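Have a look at the structure below before the remarks.
Chains as they are written, first to last, in the working numbering: chain G, -19 to 141; chain D, -19 to 141.
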């Protein structure tokens, strides 16, 4: 038996686990479709103005987030591991085509499990050292990632009607 | 049509292309089996004293190279993309489990194509900036990677008899 690939280290990683009442297939779609990502991926009143997705290992995952004052924050990275409806791993440590990035920060891992009432949602931020992890936590990881999950669920429910 | 994932940039990447007279399957085996890697992976009289391989995306690729004077140089990274007998991509920019590395250097990409007489062998070192690429070239990339390819071919031929 191979060991699970992604094992969180409490000193280096931040992990959000929540149960949500929407199906895994719609959570997956919301994470992997540019038009959907734009609807929920950063806490309002910030917006996502651009999103580019090439859903294969080494393929681009790029967003531009805009502050209410109009300041733009581009993020670029690539996908690493893609298991539809179950696991999505991406990083800004590598640019598209697996080229080392000049501004590495973290690897993101999303894990989805179907439950009786919806989805068990696990989002993890994986860092290379304790200082970067602490910095990410102080930037508001838990509040931010929880808020965008609320936005994701609201977006899915709005689309279902 | 999706574009090819790995496109070398002449300012950032180093590429070795050679035709060798051994079959792709044996080149693949030599790259992906720890006992084989130890036989050829660094230019003699340096040796590879340890090699660990978990051949899946995010799985470990670790070697320890030892100088003739006994100084040890550990290298650790993970695999990114694995297409048996055709393509093997790995990086030291991410540790096993896709954790960002404290010492990122480059992504390596091996591409193999069968030919009438053996294998067209393309080995690429992909860097994040020009200075790192130049440094790698000055460390002796072309001579070193060509020498280890000679060692790889000799290892395969010795194993065939």
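No residue lacks a Cβ here, since even glycine has one placed at the ideal position from N, Cα and C.
Keep in mind that this is a model prediction, so the values were computed, not measured.
- Between residue 57/G and residue 75/G the beta-carbon gap is near 7 angstroms, inside 8 angstroms, which marks them as a contact.
- Interface annotation for the stretch 67 to 91 of chain D against chain G: 69, 71, 73, 74, 77, 78, 79, 80, 81, 82, 84, 86 and 87, criterion Cβ-Cβ distance under 7 angstroms.
- A direct Cα-Cα distance of roughly 42 angstroms separates residue 131/D from residue 66/G.
- Within chain D, no C-beta atom comes nearer than 7 angstroms to that of residue 63/G; the closest sits roughly 10 angstroms away.
- Looking at the DSSP output, residue -8/D shares a beta bridge with no other residue.
- Counting along the chain, residue 131/G sits inside the alpha helix (DSSP H) bounded by residues 121 to 140.
- Between residue -10/D and chain G, the shortest Cβ-Cβ separation is not below 9 angstroms.
- Within 10 angstroms of the beta-carbon of residue 107/D lie 16 or more other beta-carbons, which makes it buried.
- DSSP places residue 7/G in the helix class (H, G or I) of the three-state scheme.
- Interface residue (Cβ-Cβ distance to chain G less than 9 angstroms): residue 60/D is classified as such.
- Within the stretch -11 to 10 of chain D, -11, -8 and -7 place their CB atoms closer than 9 angstroms to a CB of chain G, listed in sequence order.
- Among the residues facing chain D, residue 14/G is not included, as its CB has no counterpart in that chain under 9 angstroms away.
- Counting of Cβ neighbours within 10 angstroms places residue 135/G among the buried residues, the total reaching 16 or more.
- Residue environment for residue 138/G: exposed (fewer than 16 other C-beta atoms within 10 angstroms of its C-beta).
- By the Cβ neighbour-count rule, residue 84/G is buried, with 16 or more other Cβ atoms within 10 Å of its own.
- Note that the stretch 2 to 10 of chain D does not touch the stretch 25 to 44 of chain D; fewer than 3 beta-carbon pairs, one per stretch, sit closer than 8 angstroms.
- If you look at residue 103/D, you'll find it in the beta strand (DSSP E) that goes 99 to 106.
- Listed along chain D are 38, 77 and 78, each with a C-beta nearer than 8 angstroms to that of residue -14/G.
- Per the coordinates, the alpha-carbon of residue 140/D lies some 11 angstroms from the alpha-carbon of residue 133/D.
- As far as DSSP is concerned, residue 82/G takes part in no beta bridge.
- The beta carbon of residue 102/G sits no closer than 9 angstroms to any beta carbon of chain D.
- For the stretch 105 to 127 of chain G, the beta-carbon criterion of a distance under 9 angstroms to any beta-carbon of chain D is satisfied by 106, 107, 108, 109 and 112.
- Take the alpha-carbon of residue 17/G and the one of residue 112/G: they are about 25 angstroms apart.
- Secondary structure note for residue 96/G: it is in no alpha helix (DSSP H), with a DSSP letter that is neither H nor E.
- The beta carbons of residue 90/G and residue 60/G sit no closer together than 9 angstroms.
- At the C-beta level, residue 73/D and residue 87/D come within 9 angstroms of one another.
- Nearest C-alpha to residue 31/D among 25/D, 44/D and 24/D: 44/D.
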